[in-house]
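This report refers to the structure that appears directly beneath it.
There are 2 protein chains.
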Amino acid sequence: MAPEHDPVATSVWLRPGRPRRGRPQLSREEIVGAAVRLLDAEGPDGFSMRRLAASISAGATSMYFYVANKDELLELVVDEILGEVEVPDVEAVGWREAAAGLVRAFRTVLLRHSWVIALFGTHPAIGPKAMRISDRTIALLTAAGLSGAEVAWASSLLMSHAIGYATSDAALDRATRAAGKSAADLVEQLRPFVERVADDYPNYAGWWRQNATIDIDPDDGFEFGLERVLDGLQAWIDKKS
Amino acid sequence: MAPEHDPVATSVWLRPGRPRRGRPQLSREEIVGAAVRLLDAEGPDGFSMRRLAASISAGATSMYFYVANKDELLELVVDEILGEVEVPDVEAVGWREAAAGLVRAFRTVLLRHSWVIALFGTHPAIGPKAMRISDRTIALLTAAGLSGAEVAWASSLLMSHAIGYATSDAALDRATRAAGKSAADLVEQLRPFVERVADDYPNYAGWWRQNATIDIDPDDGFEFGLERVLDGLQAWIDKKS
DNA sequence: ATCCCCGTTCGTACAACGATCGAATTTTCG
DNA sequence: CGAAAATTCGATCGTTGTACGAACGGGGAT
Chain E
1 MAPEHDPVAT
11 SVWLRPGRPR
21 RGRPQLSREE
31 IVGAAVRLLD
41 AEGPDGFSMR
51 RLAASISAGA
61 TSMYFYVANK
71 DELLELVVDE
81 ILGEVEVPDV
91 EAVGWREAAA
101 GLVRAFRTVL
111 LRHSWVIALF
121 GTHPAIGPKA
131 MRISDRTIAL
141 LTAAGLSGAE
151 VAWASSLLMS
161 HAIGYATSDA
171 ALDRATRAAG
181 KSAADLVEQL
191 RPFVERVADD
201 YPNYAGWWRQ
211 NATIDIDPDD
221 GFEFGLERVL
231 DGLQAWIDKK
241 S
Chain U
1 MAPEHDPVAT
11 SVWLRPGRPR
21 RGRPQLSREE
31 IVGAAVRLLD
41 AEGPDGFSMR
51 RLAASISAGA
61 TSMYFYVANK
71 DELLELVVDE
81 ILGEVEVPDV
91 EAVGWREAAA
101 GLVRAFRTVL
111 LRHSWVIALF
121 GTHPAIGPKA
131 MRISDRTIAL
141 LTAAGLSGAE
151 VAWASSLLMS
161 HAIGYATSDA
171 ALDRATRAAG
181 KSAADLVEQL
191 RPFVERVADD
201 YPNYAGWWRQ
211 NATIDIDPDD
221 GFEFGLERVL
231 DGLQAWIDKK
241 S
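Right, here's the structure in full:
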């Protein structure tokens, strides 16, 4: 609980890359890349430092020279993933389309590596790739006419929608993957459970009976929410001027 | 990867509670309650099945009679936490205030047990407490004039804001707790890092220099985002009629 | 050419973990 | 009162994160 070292001075991001002498066969980049690959392939449960080492044919503990511990490695991994997010250029498409593109791109990346979502709440995202996103987002929102704290607020709003929605996406993805069935099949299998408790949850049961047959595309819900968020932001900006 | 059993038939929620004979000293309720208490006290890192057992003076593996494995226990824990969310009554305060109250209450609960957030993406939330929230939310949104898929979409939008924002909250909370310092101190310590890379991220650095001194209350950002979301939803509802 | 230094790798080791199994214990029913 | 069922727990296995120190090997100094 108590800090053993200064938390900023010992942060990964401040410690310079190791000088290269001797015979460096490993590197931070390669380790982080391999970690992402292993997590993509095996999921968080199939990930361990030993398996990671094996995947790059290294000794079980060789990576500890480049990375203090597993948490620090995951911190690097989170930032690496953030690097995949493509932020549209405001100048080219206007703030609203750029903001929409950013949120969509963010969600796409989160879905591509759905295991990162659980890491967000537990590992700080303050690496260079995260800063690049913030930098572009600030440019975007400033161009939209926001300033000061509003910029931070609007930024959080956009990111929250991407992360929050992707959390649901990930839960569904994991459930279907674990069950080896489609989402529709899963919904169908849930039906008897819903019917059993229908009396306790009349609104839920009623909605379910009417709408559970229509196939629900998660993308539609995401887009609906995104448009509402942007509408709300738009209204605020309009009201200001 | 491949499903060993039918995933729904073996779900915790479908398996009936154990019949009570013999001398039950433990129970699901008590185990889940103790798990929540231990997670609150020690955080996710300090939580293990062994420690949980010790906290209720039980044998190391006694709980496996009531719970199939750790993941299933966490599934129960997630639902237990969801039970703490108080959903306002639509009839009393109108849909907008009820929706705001729901999202605020959800976030409050998530902050009170910030470790649950990481569980959301990895453990399905389909227990009775989760259904209660859905039930009330559906009533709320139906009263607001939505129907069909829109209800599910709007519900996801509200939950996404709570979860997404709480994810950032949790990251900050964990960082300050780990460092043993206030958020303001942490920001101050981050300054030299930001200055070092200022050239690469001009917008970020510029915003930072102007605004990092003002103290940022996370609640303000949350409320700002919530109002934008509700405005966007309101506009959609108005446009429909 | 030789040596040593030091940057890098890895084998060993340990405590803690999740989980299985079956023996031991206690309660209720016939 | 005895048998069967219900519940607990100790022993144990395979795996994890990582601390430690020995081993390795290439470059600079001699």
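Chains as they are written, first to last, in full-length UniProt numbering: chain E, 1 to 241; chain U, 1 to 241. For glycine and all other residues, C-beta sits at the position ideal for the given N, C-alpha and C. Small disclaimer: the values here were computed from a predicted structure and weren't measured.
Item, Value
"S48(E) versus W115(E): straight-line alpha-carbon distance, rounded", "14 Å"
"Alpha helix (DSSP H) segments (min. 4 residues) lying fully within the stretch 141 to 191 of chain E", "149 to 179"
"Three CB pairs or more closer than 8 Å across the stretch 50 to 67 of chain E and the stretch 95 to 114 of chain E", "no"
"Alpha-carbon to alpha-carbon, A170(E) and T213(E)", "22 Å"
"Sequence-distant residues of the same chain with beta carbon closer than 8 Å to L157(U), five excluded per side", "V229 and L233"
"Residue span of the alpha helix (DSSP H) that contains M75(U), given as start and end", "According to the sequence shown, residue 75(U) is Glu rather than Met. Element bounds for E75(U): K70 to L82."
"Chain E contact for P3(U) (CB, 9 Å cutoff)", "With a pLDDT of 36 at P3(U), under the threshold of 50, the modelled position of that residue is not reliable, and the figure given next carries that caveat. Yes, contact with chain E."
"Reduced DSSP secondary structure (H/G/I, E/B, other) of I138(U)", "helix"
"DSSP-derived helix/strand/coil call for V85(E)", "coil"
"Partner residues on chain E for P128(U), Cβ-Cβ distance less than 8 Å", "V197 and D200"
"Contact with chain E by L68(U), beta-carbon distance below 9 Å", "Reading off the sequence shown, one finds Ala at residue 68(U), where the question assumed Leu. So no, A68(U) is outside the interface."
"Alpha carbon of E227(E) to alpha carbon of L82(E), nearest angstrom", "23 Å"
"The stretch 195 to 202 of chain U in contact with the stretch 70 to 78 of chain U per 3-pair CB rule at 8 Å", "no"
"For V187(E) and K240(U), the rounded distance between their alpha carbons", "29 Å"
"Other residues of its chain near A99(E): CB distance less than 7 Å, five sequence neighbours each side excluded", "L140, L158 and L230"
"N-terminal and C-terminal residue of the alpha helix (DSSP H) that A60(E) is part of", "Neither: A60(E) is in no alpha helix (DSSP H) and is coded neither H nor E."
"Per-residue DSSP class, three states only, for W115(U)", "coil"
"Chain U contacts made by the stretch 75 to 92 of chain E, where a contact means CB separation under 7 Å", "none"
"Any C-beta of chain E under 9 Å from that of G148(U)", "yes"
"The stretch 131 to 149 of chain U contacting the stretch 87 to 104 of chain U, beta-carbon criterion three pairs below 8 Å", "yes"
"Contacts of L233(U) in chain E (Cβ-Cβ under 9 Å)", "R228, D231 and G232"
"L102(E) in three-state terms, based on DSSP", "helix"
"C-beta neighbour in chain U for S48(E), strict 9 Å", "no"
"Simplified DSSP state of V67(U), which is helix, strand or coil", "coil"
"Under 7 Å by beta carbon: chain U residues contacting F106(E)", "Near F106(E) there are no residues of chain U at all, since even the closest Cβ is about 11 Å away, more than 7 Å."
"C-alpha gap between D45(U) and I237(E), whole angstroms", "43 Å"
"Min CB distance M131(E) to chain U below 9 Å", "yes"
"Y165(E) at chain U interface by Cβ criterion, 9 Å", "yes"
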